[in-house]
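Taken in order, these protein sequences are the chains called A and B. Here the first sequence is numbered in my numbering, starting from 1 and rising by one per residue. Here the second sequence is numbered in my numbering, starting from 1001 and rising by one per residue. Quick reminder that beta carbons are idealized off the backbone N, C-alpha and C, glycines included. This report refers to the structure that appears directly beneath it.
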Amino acid sequence: MHGASSAAGVGSAPANAADARKGGAVLACVGPDTGDEVLHAAARLAGAMGTPWHAVYVETPALARLPDERREAILRRLKSAEDLGATTATVAAQEPAEAVVEHARARHATTLVMGLRPHDTDRRVRFGRGLGERVSAQAPTLVLVRVPAAGDAAAPRRARGEPGPTVRWSRYAWALAICAVATAVAALLFPYLDLANIVMVFLLGVVLAAIRLGRGPAITAVVISVLCFDVFFVPPYFSLAVSNVQYLVTFGVMLVVGVTIAELTARLRYQARVSAYREERAANLFALGRELSGALTTDQVVKKSVPIVEATFRARADVLACHDSGTLAVDEGRARAFDRALAELALGRGEPVGIGSAERPDAPALYMPLKAPMRTRGVLVVRPENPRLLRIPEQRRLVETIATLVAIALERIHYVKVAQQTLLGMESERLRSSLLGALSHDIRTPLTALVGLAETLSMRVATAAPEAAREADQIRDQARRIGQLVENLLEMARLQGGAVKLNHGWQSIEELVGSAIESLGSALDGRPIETDVPATLPLVWCDAVLIERVLANLLENASKYTPPASRIAIAAKEAGDEIVVTVSDEGPGVPRGQEQTIFGKFQRGERESAIPGVGLGLAIARAIVEAHRGRISVENRRDARGEVVGAAFSFTLPLESVPPVEPESAADEADIDFAQPRRGGAPA
Amino acid sequence: MTEQGPQILVIEDDQAIRGVIRSTLEGAGYRVAEAGNCARGLVEAGTRKPDLVILDLGLPDRDGVEFIREMRSWSTKPIIVLSARTEEEQKVAALDEGADDYLAKPFGVAEMLARVRAGLRRAVRSPDSEVATVTFGDVTVDVVNRTVSRAGAPVHLTVVEFRLLAALLAHPGKIVTHRQLLREVWGPAYVEHGHYLRVYMGHLRQKLEALPTRPRHLVTETGVGYRFVP
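What follows is the structure, given as structure tokens:
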């Protein structure tokens, strides 16, 4: 019934139909006797079919009772399957055939690969009917590939005399005790009851032994019970002579009942254990999720996750979170059982290191990188009492899941921190700029009135009192200078804030040079300005207002320190991946050793000179140029004899690729009636 | 006599500056109305129908840009804004919204009078802006036939170059912002493509200015736009 439904499921599921068309996945069954040849065959088959392949190990209660060493061998087999490219899984189940079919259906596998041993053709194997036959019976559409063993060396069977699962002798003692009690009770009841009912007392004892003590003790109890029954209650008493063959039936029934109950109980107990374990695992994951969702700091994440990991894997564990710089935060104070070098290795590679990994599988601990969506946030170290635990694929996946949970929690905390810092930065920047704005407004307002009043006064008295008019003009000029000074100071404060907001755009240096010269106007005192700015110069990605400011400050500086009517030259040229703009004058040049300090705040070429200004112009120029990722410098110009003939201030601006300008379409060209048929020579 | 002069509305919250502006304008023969905030300014603008408005952008009650938007919904009279040199964004917003010109504080009264005169002149001329030819320097532009000559010799302009030139010539003395030019010449999709403007402006200056680096007529208003100076 179940088999039939499974078969239908495998054969008719739509996803499977699609998979079958392109030759669905391959599933290799791994058991205690599976040799490498099965895995290799599966890998080759999957490779030839171009499909993924899986390896599954179905752990039955019988297999769970195998000695550790043999279970390890199975897990190693699974690991090598993983190395061959398989997705592996361990499934706890009572009935391997059913579990294999179930798994095949879940993975859309259409081909099953399993080992074939000589005794598999024999009907006396562990599974009664061979596993392969049972699978075929349950899912006839599955293609079954049997791979003969390459030889016993690949997977040695248990040698004779090799110790099996540990025998618990106390249970046999208990079985004997139960038999003794049953005999005593039977002896008490013997005068009142029929022999058939006396047997029931012994049966009760056997059932008890089967439920509580397992199969071996149950069989022992059956044998002892039948013996006791025969010796003490069946005539002739105190002899083993079986006068009546019917007691063989008693023996047989008791044996069947005892073994059946023992087997059923063992199955139930096994499944109870498996589900209890699963529940514990799920509960631990829930607990971890809940704890981590409440964590607000990295420390809390570590403190909350470590105990849960330790409890889950019966291990010592630690979470090593990364600093923002990307290095591991290792608290030297805590003497932890891990190797820092291996933790760094796991972090660096982003791959697990240690138990069950490609790297250092012999290490006593597993170092699992905490991979979050953005980057690796640290390393989870698990050092279990029993390293085998971490080789089981499910456990391994559990470690990975926990690592992901912890990593996401760490990442969340990181971004909370980032958001807080950004908010703080924005707030202080807003405060700062509103303060500067208010200050600048409050100073500018009275100055505007002062300038206006002085100018009005000057106009009113221009004819009546020319002397007074000149003085009024001076008041106006001084007021303007105060204004400039304040603007400079505020500008410097703004630029010094670090977070200068550049209003980037594609700008033409030619245009900025022109407007800088224009903005200075009378301050240049009619000095001739020579410009050498090629029209072919590429556009520059910069803040127009600020770069004009740089040019104006350099020009102003040149005009302040040079004799009247001396020439000032501005040249711009492309040099590699930057543009160099040079402002040269015919002044006294820069004093030796001041090539750098001249760009500092409140620095002037000559101390206490009569030249006005507080020396902020060049400092502002430098701040602006550096905000544009450029450099500013000064050097003296020398003539042929090595005499200083002036200073040359240069600054660079990085060149970026200018977005293309679509050429005008031919249609546009055509609809104009040209004054000249040919272009005027202008570049397109 | 004074009653016949054009009416100018001054919206400025600082009394001292307002006083200076009033006395200067009255000295030059204009009638002056004052307002200390935006709301009062709108009332004054509505009732007095001034020929020109001088507007401080930093008003206590509302953003000056809002005043411009509101006034532009029913009037095309020139608006001159007062702003700080460092407040480029506000300035550009005001000009984009329809302001004609700006003065950076602290400004001189002579400069202010010149801007006021230019603004009034433009306002008078704008109804019949169908000027057939515009002449500046040694350049003559025939707007109707779309030909340009410089010192008598014809100059070839591409279609886009001519469109750009015409956009500037249409508003002599007025600042035209980058966005306005880009929208008018290239279309609304190009308002963020400032490099087009730089490139074509460079071409125009090469062809029409005596010293392209020291333009006399196609003047740069850094960070804001361009201005055609006849």
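Which partner residues does residue 367 of chain A have in the DSSP bridge list?
Residue 367 of chain A is bridged to A/353, A/381.
Where does residue 1067 of chain B land, buried or exposed, given buried means 16+ other C-beta within 10 angstroms?
So residue 1067 of chain B ends up on the buried side.
How far does the beta strand (DSSP E) with residue 91 of chain A in it extend, from its first residue to its last?
Segment 87 to 92, the beta strand (DSSP E) holding residue 91 of chain A.
Between which residues of its own chain and residue 344 of chain A is the CB-CB distance below 7 Å, once the five residues before and five after are set aside?
Contacts found: 328.
Please name the residue or residues paired with residue 638 of chain A in a DSSP beta bridge.
In DSSP, residue 638 of chain A forms a bridge with A/644.
DSSP three-state label for residue 108 of chain A, please.
Coil, per DSSP.
Shortest alpha-carbon distance to residue 1036 of chain B belongs to which of B/1029, B/1024, B/1110, B/1061?
The candidate whose alpha carbon is nearest that of residue 1036 of chain B is B/1061.
Taking all protein chains shown into account, do 16 or more other C-beta atoms lie within 10 angstroms of the C-beta of residue 1215 of chain B, making it buried, or fewer, making it exposed?
Buried: at least 16 other Cβ atoms inside 10 Å.
For residue 476 of chain A, collect the residues of the same chain with a Cβ closer than 6 Å to its Cβ; drop the 5 residues on either side in sequence, then sort them by chain order.
Within the same chain, residue 476 of chain A has close Cβ partners 451, 454, 455.
Give me the Cα-Cα distance between residue 41 of chain A and residue 143 of chain A, rounded to the nearest whole angstrom.
Taking the straight line from one Cα to the other gives about 14 Å.
Could you give the uninterrupted runs of the beta strand (DSSP E) lying entirely in the segment 1103 to 1150 of chain B, keeping only those of 3 residues or more?
Qualifying beta strand (DSSP E) stretches, in chain order: 1133 to 1136, 1139 to 1142, 1147 to 1150.
Using a Cβ-Cβ cutoff of less than 6 Å, which residues in the same chain neighbour residue 623 of chain A once the five nearest sequence positions on both sides are dropped?
Taken in chain order, the residues that qualify are 495.
Since residue 1163 of chain B contacts residue 1185 of chain B with CB under 8 Å, what's their CB separation in whole angstroms?
Right, their Cβ atoms sit about 5 Å apart.
Compile a chain-ordered list of the residues in the segment 1045 to 1075 of chain B whose CB is closer than 7 Å to at least one CB of chain A.
Residues 1058.
I'd like the list of long-range same chain contacts for residue 631 of chain A, defined as Cβ closer than 6 Å, with 5 residues on each side in sequence excluded.
Cβ within range, chain order: 652.
For residue 170 of chain A, does the three-state DSSP call read helix, strand or coil?
If DSSP states are grouped into helix, strand and coil, residue 170 of chain A belongs with the helices.
Can the beta-carbon of residue 1069 of chain B be found closer than 9 Å to that of residue 1041 of chain B?
Not closer than 9 Å, so no.
Does any residue of chain B bring its CB to less than 9 Å from the CB of residue 503 of chain A?
With 9 Å as the cut-off, residue 503 of chain A counts as an interface residue toward chain B.
Check each candidate in A/253, A/245, A/589, A/229 and name the one with the smallest Cα separation from residue 642 of chain A.
Checking every option, the nearest Cα to that of residue 642 of chain A belongs to A/589.
Which residue comes first and which comes last in the beta strand (DSSP E) that contains residue 582 of chain A?
Residue 582 of chain A -> beta strand (DSSP E) spans 578 to 584.
Between residue 574 of chain A and chain B, is there a C-beta pair that is closer than 9 Å?
With 9 Å as the cut-off, residue 574 of chain A does not count as an interface residue toward chain B.
In chain order, what are the residue ranges of uninterrupted alpha helix (DSSP H) at least 4 long that sit wholly in the segment 429 to 517 of chain A?
Taking only runs of at least 4 residues, the alpha helix (DSSP H) segments lying wholly in the segment 429 to 517 of chain A are 466 to 496.
For the segment 538 to 561 of chain A, list every residue whose C-beta sits within 7 Å of some C-beta in chain B, in sequence order.
So the list reads 539, 544, 545, 548, given in the order they occur along the chain.
When you compare the CB positions of residue 113 of chain A and residue 213 of chain A, do they come within less than 9 Å of one another, or not?
Going by C-beta atoms, residue 113 of chain A is not nearer than 9 Å to residue 213 of chain A.
Between residue 99 of chain A and residue 53 of chain A, which are expected to be in contact by the criterion C-beta below 8 Å, what is the C-beta distance as a whole number of angstroms?
Their Cβ separation, rounded to whole angstroms, is 18 Å, which puts residue 99 of chain A and residue 53 of chain A out of contact at 8 Å.
Would you say residue 1109 of chain B lies against chain A (beta-carbon separation less than 9 Å)?
Yes, residue 1109 of chain B counts as interfacial toward chain A.
Helix or strand or just coil, what does DSSP make of residue 1154 of chain B?
DSSP places residue 1154 of chain B in strand when its eight states are reduced to three.
Between the C-alpha atoms of residue 293 of chain A and residue 88 of chain A, what's the straight-line distance to the nearest angstrom?
In a straight line, the C-alpha of residue 293 of chain A is about 31 Å away from that of residue 88 of chain A.
Counting only runs of 4+ residues fully inside the segment 223 to 295 of chain A, write out the alpha helix (DSSP H) ranges in chain order.
Complete alpha helix (DSSP H) runs here, min 4: 246 to 294.
Can you tell me which of the three DSSP states residue 303 of chain A falls into?
DSSP places residue 303 of chain A in helix when its eight states are reduced to three.
Give me the chain A residues within the contact set of residue 1024 of chain B, using Cβ-Cβ distance strictly less than 9 Å, ordered along the chain.
Ordered by position in chain A, the residues that pass the 9 Å Cβ test against residue 1024 of chain B are 452, 455, 456, 459.
Short check: CB of residue 1022 of chain B to CB of residue 1078 of chain B, under 9 Å?
No.
Using a C-beta to C-beta distance shorter than 8 Å, which residues of chain A count as neighbours of residue 1088 of chain B?
Those within 8 Å of residue 1088 of chain B in chain A are 503, 545.
In the DSSP assignment, what residue or residues form a beta bridge with residue 1082 of chain B?
Beta-bridge pairing links residue 1082 of chain B to B/1056, B/1103.
Pull up the CB-CB distance for residue 147 of chain A and residue 263 of chain A, whole angstroms please, since I reckon it's below 8 Å.
That belief does not hold up - the Cβ atoms of residue 147 of chain A and residue 263 of chain A are roughly 31 Å apart, past 8 Å.
Sorted by chain position, which residues of the same chain lie with C-beta nearer than 7 Å to residue 1149 of chain B's C-beta, five sequence neighbours on each side aside?
Excluding sequence neighbours, residue 1149 of chain B sits near 1140, 1155.
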